[in-house]
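Participant: For the sequence shown, our numbering assigns the number 552 to the initial residue and increments by one for each residue that follows. Please see the structure below; I have some questions.
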Amino acid sequence: MRQDGREIASADVPGWRLVYFGYTHCPDICPISLQSMAQALDALGSIGERMTPVFVTVDPQRDTPDVLAEYVSSFHPRMIGLTPHPEQLPALAKAWRVKYARVELKDGNSYAVDHTAAIFLVDPAGTVIGRYPHDLDGSGLAERIRASMLAR
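Below is the structure:
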């Protein structure tokens with residue numbers, strides 16, 4: 552489900568995509584990765600303008616469409632936030648080879664989600680052609696994306 556509450560399928564997001572799986576309560580890795588994605592899109596110029604950044608939550612219990620709408624808008628104006636239905640998340644994660652696990656915090660009142668921290672480049676046909684580490688800065692990510700696209 553999109554951040555605007557509409558149901559969505561991958562065919563509804565045409566063209567090139569940069570995809571990241573995370574959650575809005577993530578204290579560090581997710582916001583840094585999303586910022587790098589936004590910087591890479593800007594650094595890629597006209598190539599970046601043809602890409603849609605996508606954030607898929609691995610915490611659908613807390614990351615409602617409204618929460619995601621506010622969160623993704625702070626990173627990039629074209630970023631789409633997706634909240635899978637909780638029963639669909641395991642199959643979606645398996646298809647993308649993304650791991651996630653809820654971890655109860657010591658305070659007993661909250662939890663974190665350990666998850667794969669990778670940025671995926673998806674071509675217009677829906678094929679993942681690049682998987683990049685989360686710790687690349689925007690220019691490093693842009694270089695990797697450009698190289699992956701040229702290799703096609």
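Cβ atoms here follow ideal geometry from the backbone N, Cα and C, with glycine treated the same way.
Can you confirm whether the stretch 613-632 touches the stretch 648-656 when touching is taken to mean that 3 or more C-beta pairs between the two stretches lie within less than 8 angstroms?
Facilitator: Counting C-beta pairs with one atom in each stretch, the stretch 648-656 and the stretch 613-632 have fewer than three that are closer than 8 angstroms, which means they do not touch.
Participant: For the stretch 627-692, list the alpha helix (DSSP H) runs that are entirely contained and at least 4 residues long, ordered along the chain.
Facilitator: 640-647
Participant: Is A591 buried or exposed, if buried means 16 or more other CB atoms sit within 10 Å of its CB?
Facilitator: Residue numbering aside, residue 591 sits at position 40 when the sequence shown is read from its first letter. Per the 10 Å Cβ criterion, buried.
Participant: Am I right that A594 and S690 are in contact with their C-beta atoms under 8 angstroms? What's the rounded C-beta distance?
Facilitator: Against the sequence shown, residue 594 aligns to sequence position 43. Against the sequence shown, residue 690 aligns to sequence position 139. That pair is a contact at about 6 angstroms.
Participant: Report the residue from E694, G677 and P675 whose alpha carbon sits nearest the alpha carbon of Y683.
Facilitator: If you number the sequence shown from 1, residue 683 lands on position 132. If we check each option's Cα against that of Y683, E694 comes out closest.
Participant: If you measure between the beta carbons of I670 and Y571, is that distance less than 7 angstroms?
Facilitator: As a position in the sequence shown, residue 670 is number 119, starting the count at 1. As a position in the sequence shown, residue 571 is number 20, starting the count at 1. Yes, the pair counts as a contact, with Cβ atoms nearer than the cut-off.
Participant: For P616, does the three-state DSSP call read helix, strand or coil?
Facilitator: The residue given as residue 616 occupies position 65 in the sequence shown. In the three-state DSSP reduction, P616 falls in the helix class (H, G or I).
Participant: What is the rounded straight-line gap between the Cα of V664 and the Cα of D610?
Facilitator: On the sequence shown, residue 664 is found 113 positions in, with the first residue counted as 1. On the sequence shown, residue 610 is found 59 positions in, with the first residue counted as 1. Approximately 7 angstroms between the Cα atoms of the pair.
Participant: Buried or exposed for H666, please, with buried defined as at least 16 other CB atoms from any protein chain shown within 10 angstroms of its CB.
Facilitator: Residue mapping note: residue 666 aligns to position 115 of the sequence shown, counting from 1. H666 is buried by the Cβ-count criterion.
Participant: Specify the secondary structure class of R568 as computed by DSSP and reduced to three states.
Facilitator: Along the sequence shown, one-based indexing puts residue 568 at 17. Residue state, collapsed to three classes: strand.
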